[in-house]
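Engineer: Heads up, the sequence shown is in our numbering, so the first residue is 9 and it goes up one at a time.
Yeah, the Cβ is synthetic: ideal placement off N, Cα and C, and Gly gets one too.
This is the structure I have questions about; it appears just below.
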Amino acid sequence: MPPHQTTQEPPIDLPVGLNARLLDRTPAPGCEACAAEWRSLKAAETAGNIGQAAKHATAVRDHAGGHQ
Numbered sequence: 009m010p011p012h013q014t015t016q017e018p019p020i021d022l023p024v025g026l027n028a029r030l031l032d033r034t035p036a037p038g039c040e041a042c043a044a045e046w047r048s049l050k051a052a053e054t055a056g057n058i059g060q061a062a063k064h065a066t067a068v069r070d071h072a073g074g075h076q
């Protein structure tokens, strides 16, 4: 049985291009909900929290898709 790990593994850095593709979202024009998620996405991205930014990117994609 392997020893119990007591420390957290360091985060995995994805290639820059993959992060860019993952986070490349545009809010629907005139929609405040999309715009708010996009602002949160950019703030999380700037802070280096790619996981949180990806959640906001998904929210923008899902919400903006309903505007079509």
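#1: What does the Cβ neighbour count give for P37, buried or exposed, with the cut at 16 atoms within 10 Å?
#2: Measure how close the beta-carbons of L31 and A55 come, nearest whole angstrom, since I'm counting them as under 8 Å.
#3: Just how far apart, CA to CA, sit E45 and T15?
#4: Near A67, which residues of its chain fall below 6 Å by C-beta distance, leaving aside the five closest residues on each side in sequence?
#5: Compute the distance between the beta-carbons of A28 and L49, then report whether it is under 9 Å.
Structural biologist: On the basis of the supplied data:
#1: Looking up residue 37 in the sequence shown gives position 29. Exposed, since its Cβ has fewer than 16 Cβ neighbours within 10 Å.
#2: For this step, residue 31 is matched to residue 23 along the sequence shown. For this step, residue 55 is matched to residue 47 along the sequence shown. Between A55 and L31 the Cβ distance is about 13 Å, and since that is not below 8 Å, they are no contact.
#3: Within the sequence shown, numbered from 1, the residue matching residue 45 stands at position 37. Within the sequence shown, numbered from 1, the residue matching residue 15 stands at position 7. Between E45 and T15, the C-alpha separation is close to 33 Å.
#4: Residue 67 sits at position 59 when you count from the first residue of the sequence shown. Closer than 6 Å at Cβ, skipping near neighbours: E45.
#5: Here residue 28 corresponds to residue number 20 of the sequence shown, with the count starting at 1. Here residue 49 corresponds to residue number 41 of the sequence shown, with the count starting at 1. No, these two residues do not count as a Cβ contact at 9 Å.
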